[in-house]
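A quick write-up on the structure given underneath.
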Amino acid sequence: MLNQIPLNIFRLAVLLLAQILIFSNLNFSSFVNPYIFPLFVLLLPFETPRWVLMFIGLLSGLLLDYFIGSTGMHAAAGLLIGYMRPFLINVITPKGTEFEISPNVYAQGITWFIVYLGITMFIYLTLYFFVEAATFLNFFFMLLKIFLSTIVSVIFMLVFLFLFSSKKKRRFV
Amino acid sequence: MYNLFQFFLRYYLFLLFVSLEIFCFYLIFQNKHYNEVAYMNVANSVSGKVYSTYTGVSDYLYLRRFSDSLVDENAKLRAQLLDSKYNSKIDSGILRDSTLKNVQQYSFISARVIHNSVNEAANLIYLDRGRLQGIGKQMGVINANGIVGQVVAVTDNYSAAMSVLSKEFKVSAKFKKNEFFGNLHWDGVNSTTASMEDIPKHVPVKVGDTLVTSGFSQLFPRNIMVGRVKSVTMEPDKNFLEITVNLSTNFGSLSYVYVVNNLKKQEILLLDSLAH
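In order, the protein sequences belong to chains A and B.
According to the numbering used here, the stretch in the first sequence is residues 7 to 179, in order.
According to the numbering used here, the stretch in the second sequence is residues 37 to 312, in order.
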């Protein structure tokens, strides 16, 4: 359990730098605005207590806000996915599944991850984009932006997962 | 009392969640309007350092493009040198007072863009020049192609400008051919277009007409390029034309900009306060 802490700090640093230096500078179009940073909260160990998830979601969101200049917006969205993560994992995981320490794309499988990341990113980006625009005008533009950004975010997240996940099975002791 | 205690024990996670969300939204709305607090932290040392290091690396990759745009700009500046113009007033002899000659109204501070975005609802540009280099809040920002934005926060060595691509940004612009003026603001959707307001229906506007700054606001000098008309529509139930403008500045590839220092700003503000 202890070596999870340096691993997660390292992951936080990589995701933060990738987000602010690459993904926030991509400028595909005004419809596609990918975020891979929330992956940090989504990959924390399964056993993490819920209140810890919420605080980590909030604080990591504030860290990203600090660099992007959007005070509080990523914090609000990060807190939300930290809060609902245990619910969601319960709902989408079949009964009797043996868990590893933390979500791993080779253990849970790609379908599970697409559902997991798709739902959380959709919720995350819905909150983020609507708070950012602070208005419900242009509803269809917003909806399209959320859908496209979710899809692109999930694709990049999967690429990240396949690049950095360990194939070795680490059984939960 | 026991029931209340039971209630808190049962729903403490939800209550914690709600109170933390309220805290977040307090932060968001506290900083919604462009005040200094919101961007101080962005322009300050830690993130400023990260962004300038990154820009230092990426500059090498784009050196060719930078030097091309600098050469273009040098050519334009050379064309404006007194030597390259024919001075027709040489013997007119009306103005003899030497203090009235060459009165400087604007000075320009060059700055490098260290962070830029075009996809947000309010797009910010961070510059590597700040208070110590003479930059202040409410100064305009331009580049070789046209207007870029307005400085909203300054620290000692960095500053943040909201770009034209922000809902709060408005600039007074006019048609180059007939001097009719109105307000230009961003429509929030596309990073290459903006819309022009307050142009009455009787004004003849054609696709391709050039828009330049009017110089009425204290942000920009006169006749800085803004863009060209992309489309004009006339709604029967409205008094004004609906004009879409192709912005001349390419916000996706900003590298170097000039911050406009209006040396007469205090005097004009004083005049403004006297007149009201």
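Each residue gets a CB set at the ideal place from its N, CA and C atoms; glycine is no exception.
- For A19/A, there are no C-beta contacts with chain B under 7 Å, since the nearest C-beta of that chain is about 11 Å from it.
- Ranking Q302/B, H312/B, R100/B, H221/B by CA distance to the CA of D234/B puts H221/B first.
- H80/A: not part of any beta strand (DSSP E); member of the alpha helix (DSSP H) spanning 79-98, first to last residue.
- L133/A places its beta carbon 8 Å or farther from that of L70/A.
- Under the Cβ criterion (8 Å, minimum of three pairs), the segment 146-160 of chain A counts as touching the segment 123-138 of chain A.
- In terms of Cβ geometry, I171/B and V187/B form a close pair [threshold 8 Å].
- By alpha-carbon distance to M79/A, the top candidate from G218/B, A157/B, L290/B is A157/B.
- Fully enclosed alpha helix (DSSP H) runs of no fewer than 4 residues are not present anywhere in the segment 212-251 of chain B.
- Sequence-distant Cβ neighbours of F170/A in its own chain, meaning closer than 7 Å and more than five residues away, do not exist here.
- Counting C-beta pairs closer than 8 Å gives three or more between the segment 197-204 of chain B and the segment 269-289 of chain B, which meets the contact rule.
- Within the segment 56-77 of chain A, contact with chain B at the beta-carbon level (separation under 7 Å) is assigned to R56, W57, M60, L64, Y72, F73, G75, T77.
- CA-CA distance, N179/B to T228/B, rounds to 16 Å.
- When Cβ pairs closer than 8 Å are counted between the two stretches, the segment 146-153 of chain A is seen not to touch the segment 101-117 of chain A, the count staying below three.
- Contact annotation: S30/A and I74/A have beta-carbon atoms nearer than 8 Å.
- In this structure, the beta-carbon distance from V248/B to F216/B does not fall below 8 Å.
- DSSP, reduced to helix, strand and coil, places K210/B within a strand of the structure shown.
- R264/B carries a strand assignment under DSSP once its states are collapsed to helix, strand and coil.
- DSSP places S108/A outside both helix and strand once states are collapsed to three, so it counts as coil.
- Exposure of T269/B is indicated by the presence of fewer than 16 other C-beta atoms within 10 angstroms of its C-beta.
- Between the segment 87-94 of chain A and the segment 34-48 of chain A there are three or more C-beta pairs closer than 8 Å, enough to call the two in contact.
- DSSP places V121/A in the uninterrupted alpha helix (DSSP H) bounded by 116-139.
- Beta-bridge annotation (DSSP): Y47/B is not paired with any residue.
- For E303/B, the enclosing alpha helix (DSSP H) stretches over residues 301-311.
- With respect to the C-alpha of R100/B, the residue from Y47/B, L160/B, S291/B, P272/B having the closest C-alpha is S291/B.
- If you draw a 10 Å sphere on the C-beta of F135/A, you find 16 or more other C-beta atoms in it, and that means buried.
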